[in-house]
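*Asks:* Residue numbering for the sequence shown is 3 to 110, as defined by the numbering used here.
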Amino acid sequence: HAACAFGAPELVVRRLVVEFPEAAALRTKKGYTPAMLAQRSHAPNEVEIVSFLDDSTEKLQRMTMFSEEKSLVMKSRKVLRPRSGSVSPKSVFRRSKKAKAKACPNFV
3 HAACAFGAPE LVVRRLVVEF PEAAALRTKK GYTPAMLAQR SHAPNEVEIV
53 SFLDDSTEKL QRMTMFSEEK SLVMKSRKVL RPRSGSVSPK SVFRRSKKAK
103 AKACPNFV
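1) With 16 other CB atoms within 10 Å as the buried threshold, where does Thr30 fall?
2) So, with DSSP's three-state summary, where would you put Lys32?
3) Count the other C-beta atoms from every protein chain shown that fall within 10 angstroms of the C-beta of Leu28, then say buried if there are 16 or more, exposed otherwise.
4) If I follow the unbroken alpha helix (DSSP H) through Glu21, where does it start and stop?
5) Go ahead and label Leu55 buried or exposed: buried means 16 or more other beta carbons lie within 10 angstroms of its beta carbon, across all protein chains shown.
6) Going by the CB atoms, is the gap between Ala26 and Pro36 shorter than 8 Å?
7) First and last residue of the alpha helix (DSSP H) that includes Ala26?
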């Protein structure tokens, strides 16, 4: 935030965003993002820094949304494991012909 507010060179801002990508989307106590602070600084490289920060923020948001969706999918695909001493999954499908016929009477 300070680098953007005081007109640091573009290379410095890029390096900071590479090292701390989440900082590009953080807001100050007054609600300013680094891009807003760069706009207010009226530095000669203001346009390049603002466009870079906006792109970085969008990429970070997409990555965050993707990782949240991925974690939700992984939670919904919980692997059920048999407890010790319980019936193994293979033995559930090993039934006699009589048991299969009883379970599915209309199955040909």
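Glycine included, each C-beta is placed from N, C-alpha and C at the ideal position. Here the structure is a predicted model, which is why all the values come from computation and not from measurement.
*Replies:* Walking through what the data contain:
1) In the sequence shown, the residue the question calls residue 30 occupies position 28. If you draw a 10 Å sphere on the C-beta of Thr30, you find fewer than 16 other C-beta atoms in it, and that means exposed.
2) In the sequence shown, the residue the question calls residue 32 occupies position 30. Looking at Lys32 - three-state DSSP - the assignment turns out to be coil, as it is neither helix nor strand.
3) As a first step, residue 28 is located in the sequence shown; it is residue number 26 there, counting from the start. With fewer than 16 other Cβ atoms within 10 Å, it is exposed.
4) On the sequence shown, position 19 is the one that residue 21 refers to. DSSP places Glu21 in the uninterrupted alpha helix (DSSP H) bounded by 12-21.
5) The residue labelled residue 55 in the question sits at position 53 within the sequence shown. Buried.
6) By 1-based counting over the sequence shown, the position of residue 36 is 34. By 1-based counting over the sequence shown, the position of residue 26 is 24. Their beta carbons are under 8 Å apart, which means Pro36 touches Ala26 by this criterion.
7) As a working mapping, residue 26 is identified with position 24 in the sequence shown. Looking at the DSSP string, Ala26 is not in any alpha helix (DSSP H), and its letter there is neither H nor E.
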